[in-house]
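Undergrad:
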Amino acid sequence: MRSRTEWRRPVELACRVVAIVLLAWALGLALRPDSVLSNNAQLDAEDLPEALRRWATGPAPDSVHVRLDSVPEAPWRDWLVSLRRTGSAVGWSGTLVPLAIAVEPVNAPAGGARLLVAGSVGDSVAVRDALGPFDTLYLAGNGGAVRVPALAEPAHAALGSGWARAVPDDSLVPGAVLVIGTAGWEARYAIAALEESGWQVDARLTIGPGLIVRRGTAAAVDTARYVAVIAFDSAAANESRRLVSFVRAGGGLVLSGIAARIPGLRGIAPGQPGTRVRPAVVAFTAETPRRALGFYPVARPGADAVVLESRNGNATIVARREGPGRVVQLGYDESWRWRMQGGEGGMEAHRQWWSSLVASAALVRGSRRDLSGIPTGAAAPLVAVVSALGEPVPRIESPAALPGRAGPHGWMLVVSLALLLGEWTSRRLRGAP
Amino acid sequence: MVTEFVFATVQYDSGDWDSAPLVPPNIIDSVARYTSIPVQPSGVTVPLAATELFGYPFAYLTGHLPVRFSEQERANLREFVDRGGFLFIDDHNHDIDGAFHKTATEEIARTLEPLSELPNDHALYRAFFTFDDGPPTTGHELNGWGDNLVHEHLLAVERSERIAILYSNKDYSSEWGYHPENKRFLSVDNTRFGVNIIVYALTH
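Taken in sequence, the protein lines are chains C and W. Mind the numbering: the first sequence is residues 1 to 433 in my numbering, read in order. Mind the numbering: the second sequence is residues 1001 to 1204 in my numbering, read in order.
Structural data, given as structure tokens:
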């Protein structure tokens, strides 16, 4: 029969061997580049995809610090967020370019989009779509904007390593426009401008007492058919009650010239036409063409009215909301001269002006697009990163500060120490050196 | 206030552009008499070669003599039509093969495109008064007063399905060339078709 001393020797040997193996294992982990043992991974953005893939199938570090030189795409950002939610501390550092882009579909038959770009004042941002670049925007205090006749989605903004990407949220369905007025050049050429821009236009043009030339369908003034109505003069007086209801149901109303004097429309008009102002200049210029037009200044605009354009302190275009609808009041009553006498480009400018005016007032009919396949946060990626990962920090603090997180190497040291202590105690109790 | 309609007579370098001075006041009188369209009491004369032409989207051109436009006149006419102007040309001779007709139609073809027959059920003939048979005949066409040389159709150049140039060789310039006060002697006002032309131009 073996003595107690003989029985202890193999146990002591086993404890020594296991302790040495554990210490060697811990030493090996400590020597790895992204040492799990150290619990603090520091890496550059270019190493992030590979590291994330490795951590997805193996042990993740207690803390990750990424040095970013550009905003990471949504999958990597979301992966870092997941890492944080599983207990790793995640931080980042780097000087990233703040950039954001939004795409507004234009509420007009010709379609197109308006791109709004925000960034640092003074930046020159390249804007492009899927087919290539189309503009460079110099950002002022309120950012920059550009209108494009057609957009191959998505729209991109880029500045150095900064980027942003967006698609329109809505798809719009433009409706018909109704023109009401006395037969005359202003109505005639506004109709031409709108039709040439693709709007479907119905018209009721008064040519005599009780005599109205009708173009298009004889539909009632309601939002089922029309998205906007243009009233040129007192010929719209008979429809004033319906026009008020139309606006309060979400329709758009454009009051041109003296139409705002119609008593039934005064309650919803942004202001009242004042005394007519003569043109400031004789000839049309490409830069300020409407200075060659006379106008009725919009006097006494309401408190909720917004002056969209003015000349020498006189408001020429004013708008206001009436419930869900919008009312735009134009002082101009001879914009047709711009088309006829505006020289090269005048016709196109007049066309775009009328289309934009109607689009700005018109009821927006459309539907939210299914954006489920489009990454979130791409429109303002830096904001998305800060929202997800917090503000940039120089580096992650000591992982020991993390609550409730014991490193994978801790048990190795504890067990090794326990084994060595047990082996030493056993030897001393049996009198061995 | 709606901008007043102004009746503009076109002055061109060749021919006798001022051969029908009583037509503008007579048509102005009719427009004021039958419609509520604001109209300037007197017409204006505007050179075809001048940029002032573009301030008058409706223009009337007539004459007896051969027409030959200058390059500037052609350029202005082209731009006038492209921008949406309406030009009414009337052959003061009412000939089939007269000097004005031949040269004016050639000029239009050279400047824009050849004139086409306007169908007699065109919206022009219902723009205000109704003319079921197309363009009303004139006393200079009908036998008795005239030579029985009746032109069945008017001619036109159209842009975007609207008339840009209306051409007549029915001699409305003679038919309407009288003082407006003398309308009271007519059983049926023969300027009514002139009202249709103005209303059409303002509404189409």
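Glycine included, every Cβ here is placed at the ideal spot set by N, Cα and C.
#1: Taking any Cβ of chain W, which residues in the stretch 199-212 of chain C have a Cβ under 7 Å from it, in chain order?
#2: C:Thr95 to C:Asp135, Cα distance in whole Å?
#3: Can you give the Cα-Cα distance for W:Arg1192 and W:Phe1128, rounded to whole angstroms?
#4: Decide if C:Ala401 is buried, meaning its Cβ has at least 16 other Cβ atoms within 10 Å, or exposed.
#5: Between the Cα of C:Glu104 and those of C:Ser197, C:Arg85 and C:Val364, spot the shortest distance and give me the residue it belongs to.
#6: From C:Tyr138 to C:Ala108, what does the alpha carbon distance come to, in whole angstroms?
#7: C:Pro381 and C:Ala157: beta carbons closer than 8 Å?
#8: Contact defined as beta carbons within less than 8 Å: I believe C:Val306 pairs with C:Pro273. What is the distance between those atoms, to the nearest angstrom?
#9: Could you tell me if the beta carbon of W:Ile1096 falls within a distance shorter than 7 Å of some heavy atom in the ligand FAD?
#10: For C:Ala41, count neighbouring Cβ atoms within 10 angstroms of its own Cβ and tell me buried if that reaches 16, exposed if not.
#11: Run through chain C and tell me which residues come within less than 8 Å of W:Thr1035, C-beta to C-beta.
#12: At the 8 Å Cβ level, is W:Leu1217 part of the contact set with chain C, yes or no?
#13: Could you pull the start and end residues of the alpha helix (DSSP H) that C:His350 belongs to?
#14: Measure the beta-carbon distance from C:Ile191 to C:Ala176 and round it to whole angstroms, keeping in mind my assumption that it falls under 8 Å.
#15: Hey, is the stretch 181-190 of chain C in contact with the stretch 227-243 of chain C, meaning 3+ C-beta pairs nearer than 8 Å?
#16: Are C:His350 and C:Ser360 close, meaning C-beta to C-beta below 8 Å?
#17: Go ahead and label C:His65 buried or exposed: buried means 16 or more other beta carbons lie within 10 angstroms of its beta carbon, across all protein chains shown.
#18: Would you mind working out which of W:Gln1040, W:Ala1075 and W:Leu1065 sits nearest W:Phe1058, comparing C-alpha positions?
#19: Can you tell which of C:Val179, C:Glu391, C:Pro279 and C:Pro270 has the C-alpha that lies nearest to the C-alpha of C:Val358?
#20: Three-state secondary structure (DSSP) at W:Pro1180?
#21: Which runs of the beta strand (DSSP E), 3 residues or longer, sit entirely within the stretch 162-239 of chain C?
#22: Anything in the stretch 313-335 of chain C with a Cβ closer than 8 Å to a Cβ of chain W? List those residues in chain order, please.
#23: Shortest alpha-carbon distance to W:Leu1118 belongs to which of W:Gly1063, W:Asp1171 and W:Ala1164?
#24: Please report how far the alpha carbon of W:Arg1126 lies from the alpha carbon of W:Pro1136, in whole angstroms.
#25: Using a beta-carbon distance cut-off of less than 9 Å, what residues from the stretch 1067-1087 of chain W approach chain C?
#26: Is it buried or exposed for W:Phe1080, if we count other Cβ within 10 angstroms and need 16 for buried?
TA: According to the structure shown:
#1: Leu205, Thr206, Ile207, Gly208 and Pro209
#2: Stepping through the first sequence from its first residue, residue 95 of chain C is reached at position 95. Stepping through the first sequence from its first residue, residue 135 of chain C is reached at position 135. Going by the C-alpha atoms only, they are around 25 Å apart.
#3: Here residue 1192 of chain W corresponds to residue number 192 of the second sequence, with the count starting at 1. Here residue 1128 of chain W corresponds to residue number 128 of the second sequence, with the count starting at 1. If I take the Cα positions, the gap works out to 9 Å.
#4: For this step, residue 401 of chain C is matched to residue 401 along the first sequence. Model confidence at C:Ala401 stands at a pLDDT of 41, short of 50, so the residue's coordinates are unreliable; what they give is reported in the following sentence. That one is exposed.
#5: On the first sequence, position 104 is the one that residue 104 of chain C refers to. The shortest Cα separation from C:Glu104 among C:Ser197, C:Arg85 and C:Val364 belongs to C:Val364.
#6: In the first sequence, the residue the question calls residue 138 of chain C occupies position 138. In the first sequence, the residue the question calls residue 108 of chain C occupies position 108. Roughly 26 Å separates the two Cα atoms.
#7: For the purposes of this step, residue 381 of chain C is taken as residue 381 along the first sequence, with counting starting at 1. For the purposes of this step, residue 157 of chain C is taken as residue 157 along the first sequence, with counting starting at 1. Contact flag unset, no.
#8: Working through the first sequence from its first residue, we reach residue 306 of chain C at position 306. Working through the first sequence from its first residue, we reach residue 273 of chain C at position 273. Incorrect: roughly 17 Å between the Cβ atoms, too far for contact.
#9: Absent from the structure shown: the ligand FAD. Ligands present: none.
#10: For the purposes of this step, residue 41 of chain C is taken as residue 41 along the first sequence, with counting starting at 1. Buried, since its Cβ has 16 or more Cβ neighbours within 10 Å.
#11: In the second sequence, the residue the question calls residue 1035 of chain W occupies position 35. Those within 8 Å of W:Thr1035 in chain C are Ala183, Ile207, Gly208 and Leu211.
#12: Residue coverage of chain W in this structure runs from 1001 to 1204, which leaves residue 1217 of chain W outside it and unanswerable.
#13: Here the question's residue 350 of chain C lines up with position 350 in the first sequence. Taken as a continuous stretch (DSSP letters only), the alpha helix (DSSP H) holding C:His350 covers Gly346 to Ala361.
#14: Counted from its first residue, the first sequence places residue 191 of chain C at position 191. Counted from its first residue, the first sequence places residue 176 of chain C at position 176. Incorrect: roughly 12 Å between the Cβ atoms, too far for contact.
#15: Look at the beta carbons and you see the stretch 181-190 of chain C touching the stretch 227-243 of chain C: at least three pairs across the two are nearer than 8 Å.
#16: The sequence position of residue 350 of chain C within the first sequence is 350, counting from 1. The sequence position of residue 360 of chain C within the first sequence is 360, counting from 1. No.
#17: Taking the first residue of the first sequence as 1, we reach residue 65 of chain C at position 65. Counting of Cβ neighbours within 10 angstroms places C:His65 among the buried residues, the total reaching 16 or more.
#18: Working through the second sequence from its first residue, we reach residue 1058 of chain W at position 58. If we check each option's Cα against that of W:Phe1058, W:Gln1040 comes out closest.
#19: The residue given as residue 358 of chain C occupies position 358 in the first sequence. Selected option, being the one with the closest Cα: C:Val179.
#20: Here residue 1180 of chain W refers to the residue found at position 180 of the second sequence. Helix.
#21: 162-166, 170-172, 176-182, 200-208, 211-215 and 226-231
#22: Asp333 and Glu334
#23: Taking the second sequence and counting its residues from 1, the one referred to as residue 1118 of chain W is at position 118. It is W:Ala1164.
#24: For this step, residue 1126 of chain W is matched to residue 126 along the second sequence. For this step, residue 1136 of chain W is matched to residue 136 along the second sequence. Those two C-alpha atoms are separated by around 12 Å.
#25: Phe1080, Asp1082, Arg1083, Gly1084 and Gly1085
#26: Position 80 of the second sequence holds residue 1080 of chain W. Classification of W:Phe1080: buried, given that the 10 Å Cβ count is 16 or more.
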